[in-house]
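Notes to accompany the following structure.
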Amino acid sequence: MRIIHYHENSLSDFQSGLDYYDGISPSIGDRFEKDFWETIEKIKINPFHFQVKYFEVRVAFLQHFPFSIHFLANEKEIEVLTVLHNSRNY
Numbered sequence: 027m028r029i030i031h032y033h034e035n036s037l038s039d040f041q042s043g044l045d046y047y048d049g050i051s052p053s054i055g056d057r058f059e060k061d062f063w064e065t066i067e068k069i070k071i072n073p074f075h076f077q078v079k080y081f082e083v084r085v086a087f088l089q090h091f092p093f094s095i096h097f098l099a100n101e102k103e104i105e106v107l108t109v110l111h112n113s114r115n116y
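What follows is the structure, given as structure tokens:
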């Protein structure tokens with residue numbers, strides 16, 4: 027399995043989303059967190075399954091929440107660049 031690195035702001039982007047959903051309901055926050063980490067696992071298993079959206083950046087969409095994980099991948103490593111709400115421009 028590939029090594030995964032997180033860009034310095036990517037986990038704070040995730041945390042902002044988690045804080046928002048926790049503020050609505052802790053159970054919604056838990057579901058968001060589960061959806062996020064399940065998507066990370068899918069990226070680890072097969073990063074090339076996800077489409078290149080711009081430059082060499084691939085995008086994986088969370089299944090149940092309007093967020094996406096933007097990352098770079100090669101045969102050995104994955105670098106998570108950012109986690110964005112899908113209404114934001116990129």
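So the numbering used here is basically just the index in the sequence shown, starting at one, shifted up by 26. In this text, a Cβ means the ideal position worked out from N, Cα and C, and glycines have one as well.
Specify, as a first and last residue, the run of the beta strand (DSSP E) that lysine 79 falls within.
-> Going by DSSP, lysine 79 is part of the beta strand (DSSP E) stretching over 78-80.
So histidine 75 packs on phenylalanine 93, CB below 8 Å; how close in whole Å?
-> Going by Cβ atoms, the distance from histidine 75 to phenylalanine 93 rounds to 18 Å, so no, they are not a contact pair.
Please name the residue, chosen from Ala99, Leu37 and Thr108, that lies closest to methionine 27 on a Cα-to-Cα basis.
-> Ranking Ala99, Leu37 and Thr108 by Cα distance to methionine 27 puts Ala99 first.
Starting from the Cα of phenylalanine 62, find the closest Cα among Ile104, His31, Phe87 and Ile29 and give me that residue.
-> It is Phe87.
So, using beta-carbon positions, are valine 109 and histidine 96 closer together than 9 Å?
-> Closer than 9 Å, so yes.
Do glutamate 59 and leucine 37 have their CB atoms nearer than 9 Å?
-> For glutamate 59 and leucine 37, no; Cβs fall outside 9 Å.
Does the beta-carbon distance from glutamate 103 to isoleucine 30 come in below 9 Å?
-> Yes. Within cutoff.
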